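A.B. asks: Residue numbers (our numbering): 849 to 1238. Note that the Cβ used here is the ideal one computed from N, Cα and C, for glycine as well. Only a predicted model underlies this, so the values are computations on that prediction, with no experimental measurement involved.
#1: Taking the beta carbon of residue 961 as the centre, do at least 16 other beta carbons fall within 10 Å, making it buried, or is it exposed?
#2: Just tell me which of 1024, 1212, 1190 and 910 has its CA closest to the CA of residue 1068.
#3: How about residue 1169 and residue 853: do their beta carbons lie closer than 7 Å?
#4: Find the nearest neighbour of residue 952 within the set 1074, 876 and 1226, judged by alpha-carbon distance.
#5: Using DSSP with H/G/I as helix, E/B as strand and the rest coil, what is residue 976?
#6: Tell me the DSSP secondary structure of residue 1242 in three-state form.
#7: Answer yes or no: do residue 1181 and residue 1056 have a C-beta to C-beta separation smaller than 7 Å?
#8: Pick from 968, 864 and 1222: whose alpha carbon is nearest that of residue 1114?
#9: Tell me which residue opens and which closes the alpha helix (DSSP H) that residue 1021 is part of.
#10: On a CA-only basis, which of 1022, 882, 894 and 1112 is nearest residue 1160? Give me that one, please.
#11: With distances taken Cα to Cα, identify the nearest neighbour of residue 829 among 1204, 1202, 1157 and 1193.
#12: At which residues does the alpha helix (DSSP H) containing residue 825 begin and terminate?
#13: In three-state DSSP terms, what is residue 1110?
#14: So what does DSSP say about residue 965, is it helix, strand or coil?
#15: Rounded to the nearest angstrom, how far is the Cβ of residue 925 from that of residue 959, given a contact under 8 Å?
#16: How many Å lie between residue 878 and residue 1005 at the Cα?
#17: What is the DSSP secondary structure of residue 1208, reduced to helix, strand or coil?
#18: Under a Cβ-count criterion, where at least 16 other Cβ atoms within 10 Å of its own Cβ denotes burial, should residue 1079 be classed as buried or exposed?
#19: Check each candidate in 1199, 1224 and 1185 and name the one with the smallest Cα separation from residue 902.
#20: What number of angstroms, rounded off, separates the C-alpha of residue 897 from the C-alpha of residue 966?
#21: Where residue 1108 and residue 1193 are concerned, what is the direct C-alpha to C-alpha distance, given to the nearest angstrom?
#22: What's the call for residue 1132, buried or exposed, on a 16-neighbour Cβ count within 10 Å?
#23: Output the distance between the C-alpha atoms of residue 870 and residue 1229, rounded to the nearest integer angstrom.
#24: Touch check for the stretch 1093–1105 and the stretch 1139–1155: three-plus C-beta pairs under 8 Å?
#25: For residue 1052, does the three-state DSSP call read helix, strand or coil?
#26: When DSSP labels each residue in this structure, what does residue 1173 get in the three-state scheme?
#27: Should residue 874 and residue 977 be called a contact, given that it needs their Cβ atoms to be closer than 7 Å?
#28: To which residues of the same chain is residue 905 closer than 8 Å at the C-beta, ignoring the five residues directly before and after it?
#29: Straight-line CA distance for residue 1236 to residue 892?
#30: Can you tell which of 1063, 928, 1021 and 991 has the C-alpha that lies nearest to the C-alpha of residue 1086?
#31: Quick one: what's got a C-beta closer than 7 Å to residue 1089's C-beta in the same chain, skipping five residues either side?
#32: Can you confirm whether the stretch 1008–1015 touches the stretch 940–950 when touching is taken to mean that 3 or more C-beta pairs between the two stretches lie within less than 8 Å?
#33: Please return the same chain residues whose Cβ sits closer than 6 Å to the Cβ of residue 872, not counting the five positions on each side in sequence.
#34: With burial defined as no fewer than 16 other Cβ atoms inside 10 Å of the residue's Cβ, what is the status of residue 1105: buried or exposed?
#35: Which value, in whole angstroms, describes the spacing of the CA atoms of residue 983 and residue 1149?
Here it is in structure tokens:
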């Protein structure tokens, strides 16, 4: 298989996997509500996802590094997703659904990160930019938001398993055609993987970005509720997601033009400042239309942040442990931040309002920008010190 063919099938995989993922993120809560489940029970099911990500992703990353393959681990997780989704999306008993959700996210949560890790290595091997490949995931998410929404309007939300299984099966078939990217032949042990936990620079970076990722994940959880609070409807929620992910796709697609102009931390700080503007805008500019328009900033914030942070983690972690490092980064972004953003965001939203939540998110992000600035200054000084001793 040529390198061009491998990139083509990898792009197709990202398109269909993220298309399936949008069904889980955007429509699974609606499906459970349609099934008669209360909001508190729905919330507990969704909270299982970030927790599973924290527990499961380092394990899958370790297996990938241990056996020197991303593709084979990816195929295993996709099979797990397909099998468990049948139990998750066809049952009506809360306890059974809760158990199914926990197992489902053990397979679902690392799949996107493994795909991104494969995209990073494939991009390097063919001299392409990571963002130009990853953008197909965003396009898949956006296209799925519209097409699946129309599908449900005709056939009902109770048919959720059909489009989800369709996309996961195609994602599996395309993943089979992707060329695996071997890591170094250096054998990986549990003790090697544990060394990442002793990488103080890596851990400090993960702690620093929490100031940005917690508000981001809180927005993922509550943007729909906030639109409803402002008088919006389901179609406007779908349109808001479409605008957001479309702008994200543009940023990913053009990343090869802008990415190498500055250091990764500088890009993350730029994203942080725009994040803060976005959250304050959502807090003080009322109305569903304004919220939808502000979703354009999603691409400039998440798109820039994710490309820069993912590449920065690649630099911080030894090559033979990069899948583990990438999955730990994803665990913090979508796992720990998701739990904290959902729990504290829910408390603020319930006891005050959506506007108050977004104002708090803006303040937290500003603090993060200053912490990142301090991190960058320390990083530059250490680099100069190391060079002076070299």
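C.D. replies: In short:
#1: Taking the chain shown and counting its residues from 1, the one referred to as residue 961 is at position 113. The residue in question, residue 961, is buried, as its Cβ has 16 or more Cβ neighbours within 10 Å.
#2: Translated into positions along the chain shown, residue 1068 becomes position 220. The shortest Cα separation from residue 1068 among 1024, 1212, 1190 and 910 belongs to 1190.
#3: The sequence position of residue 1169 within the chain shown is 321, counting from 1. The sequence position of residue 853 within the chain shown is 5, counting from 1. Result no, Cβ atoms of residue 1169 and residue 853 do not sit closer than 7 Å.
#4: In the chain shown, the residue the question calls residue 952 occupies position 104. Cα-wise, what sits closest to residue 952 is 876.
#5: Here residue 976 is taken as the residue at index 128 of the chain shown, counted from 1. Coil, per DSSP.
#6: With the chain covering 849 to 1238 only, the question about residue 1242 has no answer from this structure.
#7: Locating residue 1181 in the chain shown gives position 333, where the first residue counts as 1. Locating residue 1056 in the chain shown gives position 208, where the first residue counts as 1. Result no, Cβ atoms of residue 1181 and residue 1056 do not sit closer than 7 Å.
#8: Here residue 1114 refers to the residue found at position 266 when the chain shown is read from its first residue. Of the listed residues, the one whose Cα sits closest to residue 1114 is 1222.
#9: Against the chain shown, residue 1021 aligns to sequence position 173. First-last of the alpha helix (DSSP H) with residue 1021: 1009–1024.
#10: Looking up residue 1160 in the chain shown gives position 312. Selected option, being the one with the closest Cα: 1112.
#11: Past the edges of the chain, shown from 849 to 1238, lies residue 829, and the structure says nothing about it.
#12: Nothing about residue 825 can be reported from this structure: the residues present for the chain run from 849 to 1238 only.
#13: Along the chain shown, read from residue 1 onward, the residue named residue 1110 stands at position 262. If DSSP states are grouped into helix, strand and coil, residue 1110 belongs with coil.
#14: For the purposes of this step, residue 965 is taken as residue 117 along the chain shown, with counting starting at 1. Looking at residue 965 - three-state DSSP - the assignment turns out to be helix.
#15: Working through the chain shown from its first residue, we reach residue 925 at position 77. Working through the chain shown from its first residue, we reach residue 959 at position 111. Contact flag correct, Cβ pair sits at about 5 Å.
#16: Within the chain shown, numbered from 1, the residue matching residue 878 stands at position 30. Within the chain shown, numbered from 1, the residue matching residue 1005 stands at position 157. Rounded to the nearest angstrom, the two C-alpha atoms are 8 Å apart.
#17: Your numbering for residue 1208 matches position 360 in the chain shown. In this structure, residue 1208 counts as helix in the three-state DSSP scheme.
#18: Working through the chain shown from its first residue, we reach residue 1079 at position 231. Exposed.
#19: In the chain shown, counting from the first residue as 1, residue 902 sits at position 54. Minimum Cα distance to residue 902 is reached at 1185.
#20: Counted from its first residue, the chain shown places residue 897 at position 49. Counted from its first residue, the chain shown places residue 966 at position 118. Cα-Cα distance, rounded: 22 Å.
#21: Within the chain shown, numbered from 1, the residue matching residue 1108 stands at position 260. Within the chain shown, numbered from 1, the residue matching residue 1193 stands at position 345. Straight-line Cα distance between these residues: approximately 35 Å.
#22: The residue given as residue 1132 occupies position 284 in the chain shown. Counting Cβ neighbours within 10 Å, residue 1132 comes out exposed, since fewer than 16 surround it.
#23: Here residue 870 is taken as the residue at index 22 of the chain shown, counted from 1. Here residue 1229 is taken as the residue at index 381 of the chain shown, counted from 1. Distance from the CA of residue 870 to the CA of residue 1229, rounded to the nearest whole angstrom, comes to 42 Å.
#24: yes
#25: The count along the chain shown starts at 1 and reaches residue 1052 at position 204. If DSSP states are grouped into helix, strand and coil, residue 1052 belongs with the helices.
#26: Numbered from its first residue, the chain shown carries residue 1173 at position 325. In the structure shown, residue 1173 sits in a helix (DSSP, three-state: H, G or I).
#27: Within the chain shown, residue 874 is the residue found at index 26, counting from 1. Within the chain shown, residue 977 is the residue found at index 129, counting from 1. In this structure, residue 977 does not lie closer than 7 Å to residue 874 by Cβ.
#28: Locating residue 905 in the chain shown gives position 57, where the first residue counts as 1. The answer, listed in chain order, is 957, 958, 961, 1175, 1176, 1178, 1179 and 1183.
#29: For the purposes of this step, residue 1236 is taken as the residue at position 388 of the chain shown. For the purposes of this step, residue 892 is taken as the residue at position 44 of the chain shown. Confidence in residue 1236 is poor, its pLDDT being 49 and thus under 50, which makes the residue's placement too unreliable to answer from.
#30: Counting from one through the chain shown, the residue named residue 1086 turns up at place 238. For residue 1086, the nearest C-alpha among the options comes from 991.
#31: Your numbering for residue 1089 matches position 241 in the chain shown. Answer for residue 1089: 874 and 993, listed in chain order.
#32: no
#33: As a working note, residue 872 is residue 24 in the chain shown. Excluding residues within five positions, none has a Cβ falling inside 6 Å.
#34: For this step, residue 1105 is matched to residue 257 along the chain shown. Residue 1105 comes out exposed.
#35: By one-based count along the chain shown, residue 983 stands at place 135. By one-based count along the chain shown, residue 1149 stands at place 301. If you take the alpha carbons of residue 983 and residue 1149, they lie about 15 Å apart.
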